[in-house]
Amino acid sequence: MRIAIIGSGIAGLGAAWLLSREHEVVLFEANDYLGGHTHTHEVSVDGVTLSVDTGFIVHNPVHYPLLTQLFGELGVATQDTTMSFSVHNERTGLEYNATSLGALFCQRRNLLSPRFLRMVADLLRFYRIAPGLLAGSGPGPALGDYLREQGFGDAFRDDHLVPMASALWSAPADQILHFPVRHLVQFMTNHQMLQLAGRSQWKVVRGGSWRYVETLRQRCSASLRLATPVHAVRRLEQGVALTTAAGEEAFDQVVLACHSDQALSLLSDAEDRERDVLGAITYQPNDVVLHTDERLLPRNRKAWAAWNAYIGADAARACTVSYCMNLLQGLPVSTPVVVTLNRCDAIDPLHILKRVRYHHPVFTREAVAAQARRHEIQGRRGTWFAGAYWGWGFHEDGLRSAVEVARSLGVAWPEISLEPRAVDHAAAGKIAWGSA
Ligand SMILES: Cc1cc2nc3c(=O)[nH]c(=O)nc-3n(C[C@H](O)[C@H](O)[C@H](O)COP(=O)(O)OP(=O)(O)OC[C@H]3O[C@@H](n4cnc5c(N)ncnc54)[C@H](O)[C@@H]3O)c2cc1C
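Printed below as a string of structure tokens:
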């Protein structure tokens, strides 16, 4: 078959890599680089040339089994990293690093602060009782309602749980409070975030994530068309037609490996069910800046972590988090190299190395319901949809969606099961701070 793939993020690249084993594949990418959210920049800091990631950074073998298998087959070298987490609240001046007891109380005043101690107690209670939510069905109440009903305090909500979830999904605080609580707890449980011991080791690709994209490019026999945005997809009696600046071109099948909203806008003859499902999973923009302005990290160096959440004055503002890339990628320079989301105006322009804009899926109740209807639109009229938005929005989800499409089109890889990982309820009740 002749198959077109639109988009070269992990979903499109994964699909191209697999489908080109059995089929003739043409991959269309709007950008002038391959990888989508896998985006590495070569910059010079302290006279050293560094490859720094601004998109996909971390994974771990337990929760990313397909990606780990892919990296293994490609011979991609990885190295251990830390996923430590800190919070800085601008209004109250609170700073803590959730990685260890010493760093947690890096501001000694917190030892005597009733608000802070209540936050710690609430956190322990949340980790103890939240896994119980998984016994129910459906998405459950909104996170904000659940926390109120269960009597959790403001400090736990505003100074810990919401900033952490905001940082994870790059979403504003008020959106996180509308997040279906069962979905959140399911994610935290699956990712061993509610346990102290036995967490899996997080990893980064050595030399930057672009290393795996480059290896994949070399091993993949698909024909690659960079800087070639597809303008429309039209279904034919037999097959599909894609419109680009060069005109219309026919294929037997198309895999839309772009975001759900982009996919919908490309379909010139969308059916109601495609509009309903894809239209319910929306995306929001995030401004990302790579820079060396250390003022974007916590004031107290002891609080510096891999992920540093910042709580500004306005809860409706987009999430602001700064990744310390020195810690995450083990960069061999002493100047802090930082990736900050949605706080561009606070960064000294003289310290800015790169500016990028990415879009993240928004996981509302409607979006979660739409995910469950994927089978209604998948594979109809030669049209397939792949992307991280079908799962939790992470790299493994993007690859998984590609593997599923490839399987449906006759290319089976790998031998491991695609069933969702079983939840470890026994481990889930234990307590965690930060992450390994
Ligand atoms: C700042 C940031 C950090 C992240 N960190 C992590 C992390 O550490 N770990 C993790 O697991 N996940 C992380 N993620 C999540 C990440 O988005 C997913 O892991 C995954 O990379 C998304 O893959 P995708 O293939 O679904 O989409 P994308 O990577 O966005 O790819 C979609 C592609 O489609 C192309 N496209 C769109 N429209 C067209 C068109 N009309 N014609 C041709 N091409 C088109 C786009 O240009 C793009 O290249 C991060 C995301 C961001 C933004």
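By the count of this note's numbering, the sequence shown reaches residue 438 at its end, each step adding exactly one.
Cβ coordinates follow ideal geometry from the N, Cα and C atoms, glycine included.
Worksheet item: Buried or exposed: where does H427 fall if 16 or more other Cβ atoms within 10 Å of its Cβ makes it buried?
Response: As a working mapping, residue 427 is identified with position 425 in the sequence shown. Because H427 sits at a pLDDT of 35, beneath the cut-off of 50, its placement in the model cannot be relied upon, and the following sentence gives the value as read from the coordinates. Its Cβ having fewer than 16 others within 10 Å, H427 is exposed.
Worksheet item: What is the DSSP secondary structure of E273, counted as helix, strand or coil?
Response: In the sequence shown, counting from the first residue as 1, residue 273 sits at position 271. In the structure shown, E273 sits in coil (DSSP, three-state: anything other than H, G, I, E or B).
Item to complete: Using a threshold of 8 Å, state whether the C-beta atoms of W386 and V407 are closer than that.
Response: Residue numbering aside, residue 386 sits at position 384 when the sequence shown is read from its first letter. Residue numbering aside, residue 407 sits at position 405 when the sequence shown is read from its first letter. Contact: yes.
Worksheet item: Excluding five sequence neighbours on each side, which residues of the same chain lie with their C-beta closer than 6 Å to the C-beta of W415?
Response: On the sequence shown, position 413 is the one that residue 415 refers to. Answer for W415: L20, listed in chain order.
Item to complete: With DSSP as the reference, label F118 as helix, strand or coil.
Response: Stepping through the sequence shown from its first residue, residue 118 is reached at position 116. Helix.
Discussion item. To the nearest angstrom, how far is the alpha carbon of A371 from that of L145?
Written reply: Stepping through the sequence shown from its first residue, residue 371 is reached at position 369. Stepping through the sequence shown from its first residue, residue 145 is reached at position 143. The alpha-carbon atoms of A371 and L145 are separated by roughly 16 Å.
Worksheet item: In chain order, what residues of the same chain lie with their CB nearer than 8 Å to the CB of R111, ignoring the 5 residues before and after it?
Response: Counting from one through the sequence shown, the residue named residue 111 turns up at place 109. Here the set comprises nothing.
Worksheet item: Where does the unbroken alpha helix (DSSP H) through A372 begin, and where does it stop?
Response: Position 370 of the sequence shown, counting from 1, holds the residue named residue 372. Start and end: R367 to Q373.
Item to complete: Below 8 Å on the Cβ atoms is my guess for L76 versus Y214; work out the distance and round it to an integer in Å.
Response: Reading the sequence shown from its first residue, position 74 is the one you call residue 76. Reading the sequence shown from its first residue, position 212 is the one you call residue 214. Contact annotation, L76 with Y214: C-beta distance approximately 6 Å; criterion of less than 8 Å satisfied.
Discussion item. Taking only three categories from DSSP, how would you classify Y439?
Written reply: This structure gives no information on residue 439, because the portion of the chain shown stretches from 3 to 438.
Practice prompt. Taking G412 as the reference, give the member of S168, I12, A17 and G11 with the closest Cα.
Written response: Translated into positions along the sequence shown, residue 412 becomes position 410. Comparing Cα positions, the closest option is A17.
Practice prompt. May I ask whether a heavy atom of ligand 1 can be found less than 7 Å away from the beta carbon of I59?
Written response: Numbered from 1 along the sequence shown, position 57 holds the residue referred to as residue 59. I59 Cβ: within cutoff of ligand 1.
Fill in: Cross-strand partners of E151 (DSSP beta bridge)
For the purposes of this step, residue 151 is taken as residue 149 along the sequence shown, with counting starting at 1. Beta-bridge pairing links E151 to no other residue.
Worksheet item: Should Q264 be listed as close to ligand 1, given that the test is whether its C-beta is under 7 Å from any heavy atom?
Response: The residue you call residue 264 lines up with position 262 of the sequence shown. Yes, ligand 1 has a heavy atom inside 7 Å of this Cβ.
Item to complete: Express the C-alpha separation of I313 and V335 in angstroms, rounding to a whole number.
Response: Locating residue 335 in the sequence shown gives position 333, counting from the first residue. Locating residue 313 in the sequence shown gives position 311, counting from the first residue. Distance between the alpha carbons of V335 and I313 is about 28 Å.
Worksheet item: Taking the DSSP output, what are the residues bridged to D55?
Response: Against the sequence shown, residue 55 aligns to sequence position 53. According to DSSP, D55 bridges with T42.
Discussion item. Quick check on the DSSP output: the beta strand (DSSP E) that includes A105 runs from which residue to which?
Written reply: Walking along the sequence shown from the start, residue 105 turns up at place 103. Element bounds for A105: not the beta strand (DSSP E) but the alpha helix (DSSP H), L103 to L106.
Worksheet item: What residue range is occupied by the uninterrupted alpha helix (DSSP H) comprising R297?
Response: Sequence index remark: in the sequence shown, residue 297 carries index 295 (1-based). That residue, R297, is in no alpha helix (DSSP H); it is neither H nor E in DSSP.
Discussion item. Contact defined as beta carbons within less than 8 Å: I believe I283 pairs with Y360. What is the distance between those atoms, to the nearest angstrom?
Written reply: As a first step, residue 283 must be located in the sequence shown, where it is residue number 281. As a first step, residue 360 must be located in the sequence shown, where it is residue number 358. Not a contact, Cβ separation roughly 16 Å.
Discussion item. Could you check whether the Cβ of C260 sits closer than 7 Å to any heavy atom belonging to ligand 1?
Written reply: In the sequence shown, residue 260 corresponds to position 258, counting from 1. C260 Cβ: within cutoff of ligand 1.
Discussion item. My assumption, with CB atoms under 8 Å, is that G1 sits in contact with A259. Please give the rounded CB distance.
Written reply: No information on residue 1 is available, as it lies outside the stretch 3 to 438 that the chain covers here.
Worksheet entry | Three-state secondary structure assigned by DSSP to A430 | Here residue 430 refers to the residue found at position 428 when the sequence shown is read from its first residue. A caution first: A430 carries a pLDDT of 33, below 50, which makes its placement in the model unreliable, though a value can still be read off. Of the three classes helix, strand and coil, the one that applies to A430 here is helix, per DSSP.
Practice prompt. Could you check the C-alpha separation between S46 and I349 for me, to the nearest Å?
Written response: Here residue 46 is taken as the residue at index 44 of the sequence shown, counted from 1. Here residue 349 is taken as the residue at index 347 of the sequence shown, counted from 1. Taking the straight line from one Cα to the other gives about 18 Å.
Fill in: Residue ranges of each beta strand (DSSP E) within the region 219-277, 3 or longer
225-227, 234-237, 242-246, 249-253 and 255-258
Fill in: Alpha-carbon spacing of G134 relative to S22, whole angstroms
Position 132 of the sequence shown, counted from the start, is the residue given in the question as residue 134. Position 20 of the sequence shown, counted from the start, is the residue given in the question as residue 22. Near 44 Å, if we compare the C-alpha coordinates of S22 and G134.
Worksheet item: Using the rule of at least 16 other Cβ atoms within 10 Å of the residue's Cβ for burial, across every protein chain shown, is G332 buried or exposed?
Response: The sequence position of residue 332 within the sequence shown is 330, counting from 1. The residue is exposed, with fewer than 16 neighbouring Cβ atoms inside 10 Å.
Practice prompt. Rounded to whole angstroms, what's the CA-CA distance from R93 to A243? Just pull it up for me.
Written response: Your numbering for residue 93 matches position 91 in the sequence shown. Your numbering for residue 243 matches position 241 in the sequence shown. For R93 and A243, the gap between their C-alpha atoms comes out near 55 Å.
Item to complete: Could you give the DSSP three-state label for D34: helix, strand or coil?
Response: Counting from 1 along the sequence shown, the entry for residue 34 is found at position 32. Here D34 sits in coil by DSSP.
Discussion item. Can you look up W394 in the DSSP assignment and give me helix, strand or coil?
Written reply: The residue given as residue 394 occupies position 392 in the sequence shown. Three-state result, W394: coil.
Item to complete: Give the range of the alpha helix (DSSP H) segment to which I379 is assigned.
Response: Within the sequence shown, numbered from 1, the residue matching residue 379 stands at position 377. Here I379 belongs to no alpha helix (DSSP H), and DSSP marks it neither H nor E.
Discussion item. Please report the distance separating the alpha-carbon of G209 from that of D55.
Written reply: Here residue 209 refers to the residue found at position 207 of the sequence shown. Here residue 55 refers to the residue found at position 53 of the sequence shown. Rounded to whole angstroms, G209 to D55 spans 9 Å at the Cα level.
Worksheet item: If we call anything under 8 Å between Cβ atoms a contact, is F87 one with M166?
Response: For this step, residue 87 is matched to residue 85 along the sequence shown. For this step, residue 166 is matched to residue 164 along the sequence shown. Yes; because the gap between Cβ atoms is below 8 Å, this pair is in contact.
Fill in: Contact set for L401: own chain, Cβ-Cβ below 6 Å, skip 5 residues either direction
For this step, residue 401 is matched to residue 399 along the sequence shown. Around L401: I12, G16, L68 and L69.
Worksheet item: Along the chain, where does the alpha helix (DSSP H) that runs through L343 open and close?
Response: As a first step, residue 343 must be located in the sequence shown, where it is residue number 341. Unbroken run through L343 is the beta strand (DSSP E), V340 to L343; no alpha helix (DSSP H).
Discussion item. As a quick exercise: from I131, L299, C326 and T366, pick the residue whose alpha carbon is nearest that of V187.
Written reply: Counting from one through the sequence shown, the residue named residue 187 turns up at place 185. For V187, the nearest C-alpha among the options comes from I131.
Fill in: Range covered by the alpha helix (DSSP H) that runs through P165
What you label residue 165 is simply residue 163 of the sequence shown in a count that begins at 1. Taken as a continuous stretch (DSSP letters only), the alpha helix (DSSP H) holding P165 covers V164 to W171.
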